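All the letters of the sequence shown, read from the start, carry residue numbers 1 to 54 under this note's numbering.
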Amino acid sequence: MRREAGLELTDRIVVTLPEANADLLSRHEEWIKAEVLALAIETDGRTEPHISKA
Numbered sequence: 001m002r003r004e005a006g007l008e009l010t011d012r013i014v015v016t017l018p019e020a021n022a023d024l025l026s027r028h029e030e031w032i033k034a035e036v037l038a039l040a041i042e043t044d045g046r047t048e049p050h051i052s053k054a
């Protein structure tokens with residue numbers, strides 16, 4: 001996903017996930033953020049995950 005978004009491996013990102021994933025997010029948010037270098041993880045009405053540069 002990073003390559004398609006034009007992001008470098010070391011760029012800090014914001015991850016947006018579908019609301020359906022909110023339960024997983026609440027249990028694993030800090031681990032996910034550390035693994036993918038995310039400054040924030042958000043949920044919204046999307047059907048697919050989305051990343052953007054922070």
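Glycine included, C-beta positions come from ideal geometry on N, C-alpha and C. The structure displayed is predicted, hence computed values, not measured ones.
Have a look at Leu39 and Leu17 and give me their C-alpha separation to the nearest angstrom. Position 39 of the sequence shown, counting from 1, holds the residue named residue 39. Position 17 of the sequence shown, counting from 1, holds the residue named residue 17. One C-alpha to the other measures close to 14 Å.
Please report the straight-line C-alpha distance between Thr10 and Glu48, rounded to a whole angstrom. Counting from one through the sequence shown, the residue named residue 10 turns up at place 10. Counting from one through the sequence shown, the residue named residue 48 turns up at place 48. Straight-line Cα distance between these residues: approximately 23 Å.
8 Å Cβ cutoff met for Ile41 and Ala5: The residue you call residue 41 lines up with position 41 of the sequence shown. The residue you call residue 5 lines up with position 5 of the sequence shown. No, the Cβ-Cβ distance between Ile41 and Ala5 is not below 8 Å.
Tell me whether Ala22 sits in a helix, a strand or coil according to DSSP, three-state version. To locate residue 22, count along the sequence shown from 1; it is residue 22. Ala22: helix per DSSP, three-state reduction.
Pick from Arg2, Ile32, Ser26, Ala20 that is closest to Gly45, judged by C-alpha positions: Taking the sequence shown and counting its residues from 1, one reaches residue 45 at position 45. Looking at the Cα atoms, Ala20 is the closest of the given residues.
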